[in-house]
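Residue numbers (this note's numbering): 9 to 75. Note sheet for the following structure.
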Amino acid sequence: MPEIRHQSLNICVGMTQGQIGAMLQQVLHKVLHDEGIKRDVVTLVSHFVVAEDDPDFALSSAWPCCR
């Protein structure tokens, strides 16, 4: 079995944001289409910087792949 490489937390969070955004985008697009509303729907993934010494991030509850 091939080794599964760890990914950084920012990559895991970005993947999660993108997946949730894509699901919401598809559902919203379908609802608008079904209602006869012709509007574009987009997904936006954002980034932000957190201080390395921020105590709120001392104990990560992230997925094991993000350690």
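In this text, a Cβ means the ideal position worked out from N, Cα and C, and glycines have one as well.
What is the residue span of the alpha helix (DSSP H) that residue i lies within?
i	result
GLY2	Since the displayed the chain opens at 9 and closes at 75, residue 2 lies outside it and no answer follows.
Since residue i and residue j should fall inside the 8 angstroms C-beta cutoff, what is the C-beta to C-beta distance between them, to a whole number of angstroms?
i	j	result
LEU40	VAL50	No, LEU40 and VAL50 are not in contact; Cβ-Cβ is about 13 angstroms, not under 8 angstroms.
PHE65	VAL57	About 12 angstroms separates the two Cβ atoms, so there is no contact after all.
Just tell me which of the options has its CA closest to the CA of residue i.
i	options	result
MET31	LEU52, ASP42, VAL57	LEU52
Below 6 angstroms CB to CB, which residues in the same chain sit around residue i once its five sequence neighbours on both sides are set aside?
i	result
HIS37	VAL49
Whose C-beta lies closer than 8 angstroms to the C-beta of residue i among residues of the same chain, with five residues either side of it excluded?
i	result
HIS55	ASN18, GLY22
Once the 5 residues before and after residue i are set aside, which same chain residues still bring their CB inside 7 angstroms of it?
i	result
ARG47	LEU40
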